[in-house]
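Chains as they are written, first to last, in this note's numbering: chain A, 8 to 369; chain B, 46 to 354.
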Amino acid sequence: MTLKTLLAGAMALGLATPALAQDDPVKVGFIYVGPIGDGGWTYQHDQGRLAVEEHFGDAVETVYQESVPEGADAERAITQMALQGADLIFTTSFGYMDATNAVAAKFPDVKFEHATGFKREHPNVSTYDARFYEGRAVTGTIAGHLTETNKIGYIASFPIPEVIQGINSSFLHAQKVNPDIEMVVTWAYTWFDPAKEADAARAMIDQGVDVILQHTDSTAPQAAAQEANENGGRVFTFGQASDMAEFKPTPRVASIIDDWSPYYIERVQAVIDGTWEQQASWGGMPEGEVVIGEITDAVPAEVKAEAEAMIAAITAGEYHPFTGPINRQDGSAWLAEGEVAEDGALLGMDFYIEGLTGDIPN
Amino acid sequence: MDLSSISPALLIASLMVAATPILLAALGEMVVEKAGVLNLGVEGMMIMGAVCGFIAGVESGSPWLGFLSAAVGGAAMALLFGVLTQVLLSNQVATGLALTLFGLGLSSLLGQGYVGIKTNTLGRIDLGPLTDIPFFGRVLFGHDPIVYLSILLVLGVWAFLKYTRAGLVLRAVGESHDAAHALGYGVRRVRLMAIAFGGACAGLGGAYLSLVRVPQWTEGMTAGAGWIALAIVVFASWRAGRVLAGAYLFGGITVLQLNLQTAGARVPVELLSAAPYLVTILVLVLISLRAGRGGDAPACLGKPFHASS
């Protein structure tokens, strides 16, 4: 009897499945490099996921996996998600590039979107990125004005084009307003390790750096700067990826916020409509993907006005942060007077601009 | 390159801060392993200590209460492991790994409402004129109390294992649980106490991260420190003094490499980044070469014990 009931139940389920599949919600998966509570990069992607849920309600179902290491394990995690029946998968870190393409080859019916990468080896792989360097131009300008020691620190993660764009853009604009500037770059080789990020910030502060820009995802450098300020220091920081508003008004004086919601909603809609096609998206301030968080009163009014004018000019498409004349680090010409960097050159950026010291690790 | 911008006093001071979490965790794990138990859950106990300490610190406003809760939280996690492995005789390696996963998950659940909150942190002890002595003042007398506590704990553990009867019993249990049992010592009880001590130390180490070194709560903030602590126990060949040396060596090179990068040293960054791991492995190999007598691991390390066998 029991067995019979079970069998009947199983058969009913088996029969019911195809019927359910008709009005199945679209399943959207997200692979995250850090925990959703990192207060930075992954937190913002998760805000995008929540925006998708809110926008579509019952029409979509979202799943996510946090703290997926970049490397072999990523392929397993993405495969798992595809096997679970995801229709669209966002892989949200540069290091998932090869894994995303490898899994995409095995699941031609699943759509893949890889953040900040450039490989689209299969028709079901798109890439998307945001022009963070536009935000870096603004924070670089503020940093150049705020520093008194003329030493600006940059906590870098990995030597990839996205990070190098950020370093170059910050330095270029800091130098424009303060020609004596020196930029110290420290490679942390991690996206997320609060203790290491705090140590890197402290090493900088110990050596006289008074403005810290970060390209890692936790708020630890902000806390380190705050601690230094409480002990009589004068250190400023900028929120990275997320607003990091809890460190306002100092040390955090402004922030670069990544807003992925418009893009995620647009792409999920495309899957629902059946109009999804491969593309390489690179939005910035005009598209609302890169937003500058509140500039606090610790920044002098005229500097704030200058920063806001730059935001307006970039948003209106009147100013490109990489406008010549710009030389490479070795002194050779990169962009001529008035020339604007092409996207291709930016996406493959592997050199420092003139004035930066040190080498980029391979 | 401008190495003069690195201040030796500040460097040593910050290496002591950087080393303290792994020192505490490694010291606790050493005692556990001395009792013959291999607990791979250090990472999980550390992160539980970090979150418990942070929550208690925020809610009570007292970092001391935070550290106390962290020790209790870490010990509770450890006793979970203890009951599973000592009473129910589960596999120690698997249970330890599960403890790490469990700790990471549970801590992020508990910490949900505490992301991005600030807490009171422990200030440096002000010893007045002593702290003003050039160089030595900052290096020896300019730390927060937990740094001194951790060093005292090293001394305490060393003296306990070497000079006390209880320490001798603990080592006997780790070397031969059957002999210790035959002599009438409660193997299971000794091991459970060692496991709880190890958990409390790991919890303190985690809380040092969330209350002093970072200081805030972020999910997964230990970022592998527990595994480093485990490695340091082996490197230290189960001796308290060497645990101190190992932790300071690792912490020191971590801080030094960041300082060298900031000063613009002309050394490849890849090499600098890998340096803490490379140097620690190198020293480990050298020490085990010199030892050359089957290692110093407790003979019953990782072996299950049941009175009937």
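Here a beta-carbon is modelled for each residue, glycine too, at the ideal position from N, C-alpha and C.
Bear in mind that the values here come from a model prediction, so they are computed numbers and not experimental data.
Per DSSP, what kind of secondary structure is residue i in: helix, strand or coil?
i, result
"D265/A", "strand"
"M238/B", "helix"
"E313/A", "helix"
"E189/A", "strand"
"V314/B", "helix"
"Q229/A", "helix"
"Y230/B", "coil"
"I67/B", "helix"
"V184/B", "helix"
"G16/A", "Confidence at G16/A is low in this model, with a pLDDT of 47, below 50, so the placement of that residue should be treated as unreliable; the coordinate-derived value is given next. Note: G16/A maps to helix in three-state DSSP."
"I196/B", "helix"
"V298/A", "strand"
"L134/B", "coil"
"L354/A", "helix"
"V278/A", "helix"
"A28/A", "Because A28/A sits at a pLDDT of 42, beneath the cut-off of 50, its placement in the model cannot be relied upon, and the following sentence gives the value as read from the coordinates. Looking at A28/A - three-state DSSP - the assignment turns out to be helix."
"H129/A", "coil"
"H351/B", "coil"
Considering just the uninterrupted stretch of the beta strand (DSSP E) at residue i, what are its terminal residues?
i, result
"K118/A", "118-122"
"G291/B", "Per DSSP, G291/B belongs to no beta strand (DSSP E); it is in the alpha helix (DSSP H), 285-307."
"L95/A", "95-98"
"A340/A", "340-342"
"K158/A", "158-163"
Bridge partners for residue i per DSSP, in chain order?
i, result
"E68/A", "K34/A"
"Y135/A", "A122/A, S288/A"
"T209/B", "For T209/B, which the question treats as bridged, DSSP gives no partner whatsoever."
"Q91/A", "Q91/A is not bridged to any residue."
"I333/A", "L342/A"
"R259/A", "T244/A"
"I360/A", "R335/A"
"W194/A", "A163/A"
"Q221/A", "I162/A"
"V347/A", "T330/A"
If residue i and residue j are in contact, beta carbons under 8 Å, what's the gap, nearest whole angstrom?
i, j, result
"I273/B", "F295/B", "6 Å"
"A122/A", "S100/A", "7 Å"
"A115/B", "C246/B", "Rounded, the Cβ-Cβ distance is 10 Å, inconsistent with contact."
"A163/A", "T193/A", "7 Å"
"G46/A", "T226/A", "5 Å"
"A84/A", "I43/A", "Between I43/A and A84/A the Cβ distance is about 15 Å, and since that is not below 8 Å, they are no contact."
"G142/A", "H180/A", "About 11 Å separates the two Cβ atoms, so there is no contact after all."
"G243/B", "E74/B", "5 Å"
"D368/A", "E315/B", "Sequence check: residue 368/A is Pro here, not Asp. Indeed they touch by this definition, with Cβ atoms about 5 Å apart."
"I4/A", "V59/A", "Nothing about residue 4/A can be read from this structure; chain A reaches only from 8 to 369."
"A95/B", "T267/B", "6 Å"
In the DSSP assignment, the alpha helix (DSSP H) including residue i goes from what residue to what residue?
i, result
"V216/A", "It is not in any alpha helix (DSSP H) - V216/A carries neither H nor E in the DSSP assignment."
"W272/B", "270-280"
"V242/A", "Counting along the chain, V242/A falls outside any alpha helix (DSSP H), and DSSP gives it neither H nor E."
"V138/B", "137-155"
"I51/B", "No alpha helix (DSSP H) holds I51/B; DSSP gives it neither H nor E."
"Y50/A", "48-63"
"V117/B", "108-127"
"G434/A", "The question about residue 434/A has no answer, for chain A in this structure spans 8 to 369."
"V96/B", "87-105"
"K163/B", "K163/B -> no alpha helix (DSSP H), and no H or E assigned at all."
"M104/A", "104-113"
So which of the options has the shortest CA-CA distance to residue i?
i, options, result
"Y50/A", "E141/A, V145/A, D266/A, E155/A", "D266/A"
"W283/A", "Q214/A, K118/A, G215/A, I167/A", "K118/A"
"G160/A", "G338/A, I174/A, P328/A", "I174/A"
"E169/A", "L363/A, G365/A, Y359/A", "Y359/A"
"K348/B", "H222/B, V257/B, T140/B", "H222/B"
"E204/A", "Q214/A, V218/A, A230/A", "A230/A"
"A235/A", "A210/A, T148/A, Q182/A", "A210/A"
"K183/A", "E253/A, G331/A, E273/A", "G331/A"
"Q192/B", "G212/B, D177/B, P179/B, G168/B", "The question names Gln, but residue 192/B in the sequence shown is Val. Among G212/B, D177/B, P179/B, G168/B, the Cα nearest to that of V192/B is on G168/B."
"G239/A", "F245/A, P258/A, M251/A", "P258/A"
"V67/A", "A323/A, D304/A, R274/A, G291/A", "R274/A"
"G89/B", "W283/B, A342/B, G250/B, E78/B", "G250/B"
"P343/B", "L331/B, T166/B, V279/B", "V279/B"
"E237/A", "T166/B, T307/B, V328/B", "T166/B"
Any chance the CB of residue i is under 7 Å from a heavy atom of the ligand GTP?
i, result
"M88/A", "The ligand GTP is absent from the structure shown, which contains no ligands of any kind."
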